[in-house]
Each structure stands twice: as structure tokens, then as C-alpha cells.
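Protein chains: 4
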Amino acid sequence: MSLSLDTCRSLAHAALATGREKGMKPLGVVIVDARGAVRLTLVEDGNAPLRADIAHGKAFGCVMVGVGGRALERMAKERPHFIGALGGLTKDRLTPVPGGVLIRDAGGAILGAVGISGDTSDNDEVCALAGIAAVGLKADTGA
Amino acid sequence: MSLSLDTCRSLAHAALATGREKGMKPLGVVIVDARGAVRLTLVEDGNAPLRADIAHGKAFGCVMVGVGGRALERMAKERPHFIGALGGLTKDRLTPVPGGVLIRDAGGAILGAVGISGDTSDNDEVCALAGIAAVGLKADTGA
Amino acid sequence: MSLSLDTCRSLAHAALATGREKGMKPLGVVIVDARGAVRLTLVEDGNAPLRADIAHGKAFGCVMVGVGGRALERMAKERPHFIGALGGLTKDRLTPVPGGVLIRDAGGAILGAVGISGDTSDNDEVCALAGIAAVGLKADTGA
Amino acid sequence: MSLSLDTCRSLAHAALATGREKGMKPLGVVIVDARGAVRLTLVEDGNAPLRADIAHGKAFGCVMVGVGGRALERMAKERPHFIGALGGLTKDRLTPVPGGVLIRDAGGAILGAVGISGDTSDNDEVCALAGIAAVGLKADTGA
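Protein chains in written order, with the working numbering: chain A, 1105 to 1247; chain B, 1105 to 1247; chain C, 1105 to 1247; chain D, 1105 to 1247.
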């Protein structure tokens, strides 16, 4: 099973709708597939130029290392030299904080990851979880 | 006037619909705004992992240099050392071929650029033009 | 269907055996999967330090762009500025010459690619084809 | 004395067998020779895309600096600015944690290094040691 563009669109739609309902700041959402390839980026109006890159680093980092954003943040705190190395190995395209969430199928296989940035990391993650739930897939935050 | 996410979505929708109507290969579309910041990426199913990056390089290159993709390709042929330098200055994120098209408002101001990749460069550009026309803005291919 | 390590080992074994039977120079073989992730590297004795990187660039380039090495070489000759951009987008990890061969399943889906380097590019490709045939998969040289 | 491909294969076979016997997570193993050139990579099924790069960074870092992974980790903790510089000098291809082990001959000369990644760093190192022991060479973890 792979991640279709239709699924990505539905996931992002639900994630951004959640941010609007809860009155969050403008968000950026990036979805990468199991290859680490970007399938969708949407950045709401009023955002900083780096927004898409931050969101990308969350999603891309999760897929490349195979863990959720909270696990990456734990590594960053416990072994900063290791997460520093992972940053280098990904050509500095890894954002090790919550808001990056692995997308798994019913059997647990990694289909990709969503990265959201714009509000607090915790709120970003809330939107990612809402998006993944909306398409009936399983979320792995790394908590 | 700036490029809203709604406008980006409408532009991309029309661009991808054109590709489907004409039976083109699966496409990737990236829209960056006047700052060079990514606002939208959509990559259709069945694509190579590098597709989003190629499309990004088309759009990003146009905005950063302020010319359309055909002008970048001309530079690449006439002064390869110059386009080589531009590639370095953009950290190798410039794809100097058609399919990258500047988005201008009625007064000629640059609002951003769209980059499309997946079929021939000429066909990619056809879709970019259809997308920009659909939202009532002006296209600048650099021809 | 994905590429197992067992399949990679059998493929590489057959590829290197072909090189030995035909008296070729020492070879390096790299196999990447559909994500562009390295699954196997084997470099025979008596090789230059860059051998694994050259072979990697052949395999990695094929998967990232979704075409065989002969197609990449054609692009390099016909549109050097485009292949130059692809090189930049892959962080200079693309070797656009024969000896990089896509591995497809019976339905045509890309499972990965093998890159071989050490003898002439044509001979490198002969070994790649022998390896892919030995595991019952389909080869796509981009010819 | 140099590291032959046959020796690399035997070393990796024993290392991966140890991981299987002990029920470890799927592993990736990379062996580089005294020049820092990759001679072997094997990545077991079910791994994250970055696995081979992490393992490479362990082996490559050991050979390039001439110390084992535990010594690199000590440097990273005691003098982070120095390991940061080493990371830059190796173009970010250094993973300064256990699981990277120098391979020495009976006289102490460096023949190369093995890097293993996939389980805990301590477990990764156990497999590296088993592999080096299996081919009758001396291991240097940097402890």
C-alpha cells in the first residue's frame, strides 16, 4: 500500500481545518511518502519564508530515521551529538521536534509522514493527528 | 497584492487538470511566492522521488533570478559558467529549463512562480500556462 | 513487492560472477531500493577509492529520476544544463552513464536499481543485466 | 595487509548472524577500508532509509580520524566544537557514537572499520565485535 495524492489532499485538508477551528496561527503542512519524497505542501497565508522548510524537516526526518518527531526530540536532548550527525547525514533537512508524525497502515508499515509547523509544536501535532485520523491511517508521534 | 493559498490551489488544480485532459505523464507542481518560499506542492501518483525537487528548482530559480525558465535555459546554453554560478548561489536548487513560469499581476509585478515537471519541458509549460490563466494572472515564460 | 536483502545478494552474486567469467576488471556493485536507500554494496579487491561512489551514483540517479542510465547519459549529451541541475538536486550523487539499470517487477513497478562500475560502462551494464536476470526481475537500461 | 572483499563478507556475515541470534532489530552494516573507501554495505529488511548512511558515518568517521566510535563520542561530549569541525571536514559524513569499530591487524595497523546501526549503539557494537572476531582480526572500539 502506498500513499496516494488523494489521500494526501484529504489528510492535509483535515489537518488545516483543525487549525482553523481551533484558531491556531497560520500553518504549513508537508507530506512525504515512504521514500522521503514530497507529495504535498500547503502553506497558509501570512507565514514566514522558512515555514515550508521547517514542516518538511519534520516530515522528512521522521521517514528517514523511521521514528516520530517526539522520538527525534528525545534523541536531540539525550544525545545531541547523534542528532547533530543525523542532521548532517540528511544535509541539514531534519527538524527534530513534535509536529512530525509517521503515517502507518493497519499493519504498521510506514507509508510516509506529515510535518506541520506554524503554531506551538504541540498544536502542530494535534493537527497532524487529526489529518491522519481523517483518512483512517495510524499515527506514530514517537511519544 | 500577494499570492494567496487559495489562488495557489486553483492554479495547481487547473494545471493538473490540463495534464490529465491531454494524457500527459504524472506531474509534479510547485508554487513559490515572491520571496521564493514554497506555498504549494502536489505530486501525482507514479512519480520518481526527485519530481518535487525538479519542479521546485524550476519555480525557485525563476523567482530568485527574476526571469522565466526559457530565459534561464538560454543563459545555460549561452553562458554556462554564469548559470553554473547561479546554481551554486542557490545551493544547487535551480532547474534552468522550460516549465518554470513567473506569475505576474496586471501591473507586471512578480507574485511568484510555478514549476511543473513530469512530461516534456514544453508540455510541463503548457500546464503551467493553463494554471496561471485559470486564476486571471499573467504568465512570463522568459521566451 | 519490495526488494529483499536476499534478492540483493543473489543479484550481486550473479553480477560479480559474470565479471569474473568474462575477465573484466575489478567491479563495484551498489543496489538501492525504490526509496533510493542503499541495501547492498560490494567492491572487489584492487579498486580505486571512488569506486563505490561511482556505482552508487549510477544506481541512485536511476531511482531518483526514474529512468535507466542510458537515458541519463542521453540527457547529459542533449541537455547538459538539465543533467547538471539534476546533479545539484541530488547533492552531486548522480552518475549519468550506462551501468545504472532500473530493477522492475513483472508489472513494471520500480523496485530499485543496480549500479556497477569498474570496467567499461558497457561491460558494467552487462553484469547488471546478468544480475537482474538471475533473480527473475526486469531490467530497464534506459536504452 | 589489506582488507579483502572475502574478509568483509565473512565479517558482515558473522555480525548480522549475531544480531539475528540475539533478536536485535534489523541492522545495517558498512565496512570501509584503510582509505575510507566503502567495500561492503548490507542492510537488512525493514529498515529506515537513512540506515546505511548512519552505519557509514560510524565506519567512515573511525577510519578518517583513526579512533574508535567510543573515542569519537567522548570527543563529542567533551569538545563538541571539535567534533563539529570534524563533521564539517568530512562533509557531514561522521556519526560519532558506538557501533563504529576500527579493524586492526595483529601488529595494530588499521585495516579499516565496521559501522553497524539499527539497534541500540551498544548492541550495534556487540555485532561489530563478533564480526571482527570471526575473521581473526583485532577490534578497537575507542573505549
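Heads up, the beta-carbon is just placed ideally off N, CA and C, and yes, glycines get one too.
A distance of 8 Å or more separates the beta carbons of L1144(C) and L1115(D). The C-beta of G1140(C) comes closer than 8 Å to at least one C-beta of chain A. Counting along the chain, no beta strand (DSSP E) covers A1152(D), and no H or E run does either.
The Cβ of S1114(D) sits no closer than 8 Å to any Cβ of chain C. For K1129(A), no chain C residue has a Cβ inside 8 Å of its Cβ, as the nearest lies near 31 Å away.
DSSP places L1146(D) inside the beta strand (DSSP E), whose first and last residues are V1142 to V1147. Look at R1208(A) here: in three-state DSSP terms it is strand. Proximity of the stretch 1178-1189 of chain B to the stretch 1127-1142 of chain B falls short of the contact definition, fewer than three beta-carbon pairs being nearer than 8 Å. For S1225(D), the enclosing alpha helix (DSSP H) stretches over residues S1225 to A1238. Exclusion of the five residues before and after L1215(B) leaves M1105, S1106, L1107, D1137, A1138, I1207, R1208, D1209 and L1241 as the residues of its chain whose Cβ lies within less than 8 Å of its Cβ. A distance below 8 Å separates the beta carbons of L1131(C) and I1220(C). T1194(C) has a beta carbon lying within less than 8 Å of a beta carbon in chain B.
DSSP lists R1208(A) as the bridge partner or partners of K1242(A).
Secondary structure note for G1132(B): its beta strand (DSSP E) is the uninterrupted segment G1132 to D1137. Burial state of P1200(D) is buried, judged by a 10 Å Cβ sphere holding 16 or more other Cβ atoms.
DSSP places A1217(B) in the strand class (E or B) of the three-state scheme.
For T1145(B), at least one C-beta of chain A is nearer than 8 Å to its own C-beta. Scanning G1188(B), T1245(B), A1163(B) and L1198(B) for the CA closest to the CA of V1218(B) turns up A1163(B). Chain-order list of chain D residues neighbouring G1170(A): A1152, by C-beta distance under 7 Å. Here R1183(D) is exposed. Its C-beta has fewer than 16 other C-beta atoms within 10 Å. Counted as a single uninterrupted DSSP element, the stretch harbouring P1202(C) is not any alpha helix (DSSP H), since DSSP gives it neither H nor E. Per the coordinates, the alpha-carbon of C1166(A) lies some 7 Å from the alpha-carbon of V1205(A). Against chain D, a Cβ distance below 7 Å from A1175(A) picks out nothing, because the smallest value is about 12 Å. Not flagged as an interface residue toward chain C: S1221(D), since no C-beta distance is shorter than 8 Å. Taken atom to atom, the span from the alpha-carbon of R1155(A) to that of E1229(A) is near 15 Å. Not one beta carbon of chain C lies nearer than 8 Å to the beta carbon of T1122(B).
Taking the CA atoms as reference points, G1192(B) sits about 11 Å from L1193(C). By the neighbour-count definition (other C-beta atoms within 10 Å, threshold 16), T1224(A) is an exposed residue.
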